[in-house]
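Numbering (the numbering used here), first residue to last: 276 to 1103.
Read the structure below first, then the notes.
Dropping the structure here:
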């Protein structure tokens, strides 16, 4: 993708042109290339004399430089070099006691530090413009005394200390991106102080999230204070004789950091704007800052502790640099010290500009030093992993853990830790992708590292996409040796028919394809066992399971939760099973020998057995030899001579980028079952016993009665009740536990609706249409909530989300009513 602009930058001293809008586009292109490996973006800035032949040659050239300027037929590329602060054209800046200095974002950590600095230099008046208003001054003393809001107290204390230097501080509330608000505040300031001496534009909003999942609204919120705000500040003060105009930009404007598309775009505009305004004879400079230590947005988001191409800067060093840069006469300066260790770990294709000779030489020296230091060392440090079941880890988990340890410089990591919580960031993700390629010969997109941010999750993803990366496994303990024995068993194993209970394909087909939120491993086991009696009973079981979990039916069914128990952490619906004439019987066994004898005895009686299992051993699963998970499987056969069990379980498969669960048969060893049970406090198995005969029509009538109760009482499903409670909460925040509850409620609704949809098929197209609408809205709602959890922020209930929820409410009510009306004429 070639981004072609005209006269975006001034390339030589004779040019007096700049276009901030085009510069913003180039910055966005850098990030697009970083987030999408399949898209190679390049920026080409031409002059009016550049012919189509020259442009075409540049577009199709093999040059790797991201940004190129063509002037008079000559080709120029960007170079990163040092600014000589001791020489050159210095312009002294006189900080005045009269008039006023305006600082936007003035109540932020950096804004207040700048106010303190110019106060020390003799500023008489400072006007702090902020989007959030400060409380009235007469309340400040009581606020400090109560000390409830620590952030607010810190702001008040900072202002008080500045005023103690003899500088008067005034606070104003305005959104600087909105012209009417800004004009009102500037007019008030101008009227009060007569002269605006200088503007320091510190306002901004942190960017976050990949472009693929970012809404236009979220993108614009980051752009507004820096792009609209910069333009508006200059526009409403264009007739004021201002001594200087400083914009606080970020190093992100020159980098291609995934997840920072909006922030890079906004800051690149500031950099080019400073050049454009300077050409009009107005003193303007844009400072691209690295993270400030212990203050500002970087500190708030803990990014000041992360590694970057430029080292974090102390507050005092930043203030000293600010003064020097203001005198330098340059229009754009990066304030910071290059982290050569970090730069040496990034591949050449990520370097977006040419390095000045002395910088390139220092980088080469760092690389050579690192090579000499590590020549006699192992490629990666050995990291202690934790969080695995029985302390067991796969080869992939160990390699990824060692890579994390090298990048993050830590020696002990849980396989469930979040990379970004441990200090990881976008640049370190690039480093990680390079090391994964080096160690495993796999190409991992940066997007995938944002989505799979724990060792366990990333190992599963890599094993799915690159199965060959899991080969040549090393087994370092007894538990892994059990797997080695299991690998000798294949799906071609033939068990004696006398020792195997046949499960009909029609039963498997009713369960295959369902997600865990719709039917968990225990539900599926019960489904298979109930399906042995009748396919129709299995369908009714799915309907009852869905509707009972989807709606609060305590008023209709009485003590609906009184008979619930748990098996291996899974809910056993005893009352529901009784409706089908069945009872779940949990059997305790005392020894591993009696465990096998008990399982085999039930198989001999024609009764499949639900046993505790671990997906780590599930053949063809994405978790196989990758991740330990609490699980259940249904044993339907055995061969005591080969010490093999026939097991009915589900397999995770990837189809068109989506995870599909297929239910089916595979084999496991006695040894694997022993290792699983040997780590359990209580050894138990579960079987279903028939209590009494039931008539299918009676079960169907009971289901119809529940539908009538829901329709007459206008009950809303639990997922909608839950999400409306979040809407009405103060912070709209959704934690992991809440998201799992919502998954459970929505999954129950999906199970109910999908099963009804299969029943009606094409006989009632309006019901099928409503079914599809509800399922689509359900998936959209899950994606919105999951995204909010991943980003660690509250759910944003904009009009689109609210309308989706309202539509789901209306459609669900209409759907239940339609089902109730049709069901009287339906034969179950």
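Glycine is no exception: its CB is placed at the ideal position from the N, C-alpha and C atoms.
Just so it is clear, the structure is predicted and the values come from calculations on it, not from any experiment.
Neighbour-count burial assignment, residue i, 16 or more Cβ in a 10 Å radius
i	result
residue 1105	With the chain represented from 276 up to 1103, any question about residue 1105 goes unanswered, as that position is not in the structure.
residue 314	exposed
residue 578	Reliability fails at residue 578, whose pLDDT of 47 lies under 50, so the model's placement of it is uncertain and no value is given.
residue 929	Low per-residue confidence applies at residue 929: pLDDT is 41, beneath 50, and the placement is therefore not dependable, though the value from the model is reported in the following sentence. Its Cβ having fewer than 16 others within 10 Å, residue 929 is exposed.
residue 289	exposed
residue 565	buried
residue 410	exposed
residue 840	exposed
residue 442	buried
residue 326	exposed
residue 970	exposed
residue 546	buried
residue 309	buried
residue 497	buried
residue 884	buried
residue 412	exposed
residue 222	Because the chain spans 276 through 1103 in this model, residue 222 falls outside it and cannot be assessed.
6 Å Cβ shell around residue i - same chain, five flanking residues per side excluded
i	result
residue 557	none
residue 730	672, 675, 676, 690
residue 1157	For the chain, the structure presents residues 276 to 1103; residue 1157 sits outside this window and is missing.
residue 521	475, 560
residue 697	683
residue 777	none
residue 649	Any answer about residue 649 is weak, because its pLDDT of 42 lies below 50 and its placement is not dependable; what the coordinates show is given next. No residues qualify anywhere along the chain.
Boundaries (first-last residue) of the alpha helix (DSSP H) holding residue i
i	result
residue 397	No alpha helix (DSSP H) contains residue 397, which DSSP labels as neither H nor E.
residue 334	327 to 334
residue 570	It is not in any alpha helix (DSSP H) - residue 570 carries neither H nor E in the DSSP assignment.
residue 947	945 to 953
residue 604	Taken as a continuous stretch (DSSP letters only), residue 604 belongs to no alpha helix (DSSP H), as it is neither H nor E.
residue 552	536 to 553
residue 780	780 to 786
residue 977	971 to 987
residue 680	670 to 683
Element boundaries [beta strand (DSSP E), containing residue i]
i	result
residue 961	959 to 965
residue 997	Premise fails: residue 997 lies in the alpha helix (DSSP H), 993 to 1003, not in any beta strand (DSSP E).
residue 608	607 to 609
residue 301	Element bounds for residue 301: not the beta strand (DSSP E) but the alpha helix (DSSP H), 295 to 310.
residue 873	Element bounds for residue 873: not the beta strand (DSSP E) but the alpha helix (DSSP H), 867 to 879.
residue 505	Where residue 505 is concerned, there is no enclosing beta strand (DSSP E), although the alpha helix (DSSP H) it sits in stretches over 504 to 511.
residue 660	659 to 661
residue 377	375 to 379
residue 863	857 to 863
residue 317	317 to 321
Residues that residue i bridges to, as DSSP identifies them
i	result
residue 940	923
residue 346	349
residue 585	613
residue 912	775, 921
residue 523	562
residue 393	Bridge partners of residue 393: none, in fact.
residue 907	887
residue 354	629
residue 277	317
residue 1059	Answer is none; residue 1059 lacks a bridge partner.
residue 405	448
Beta-carbon contacts of residue i that lie in its chain and below 8 Å, excluding the five residues immediately before and after
i	result
residue 727	733, 735, 736
residue 802	782, 785, 786, 794, 813, 816, 817
residue 653	Here the model assigns residue 653 a pLDDT of 41, short of 50, so the residue's position is not dependable and the matter cannot be decided.
residue 1053	994, 1021, 1024, 1025, 1083
residue 686	656, 658, 659, 680
residue 634	355, 356, 357, 613
residue 1087	991, 992, 995, 1024, 1049
residue 347	322, 324
residue 968	856
residue 741	715, 717
Neighbourhood of residue i by C-beta distance below 7 Å, restricted to the same chain and skipping five residues each side
i	result
residue 503	452
residue 859	847, 849, 852, 961, 963
residue 480	496, 497, 500
Q) Fully enclosed by the stretch 791 to 847, which alpha helix (DSSP H) runs are 4 residues long or longer? A) 796 to 806, 810 to 825, 829 to 832
Q | Unbroken stretches of the alpha helix (DSSP H), 4 residues or longer, contained in the stretch 414 to 500 | A | 415 to 421, 425 to 439, 454 to 468, 491 to 498
Q: Any chance you could list the alpha helix (DSSP H) runs of at least 4 consecutive residues sitting entirely within the stretch 687 to 733, in chain order?
A: 701 to 715, 721 to 726
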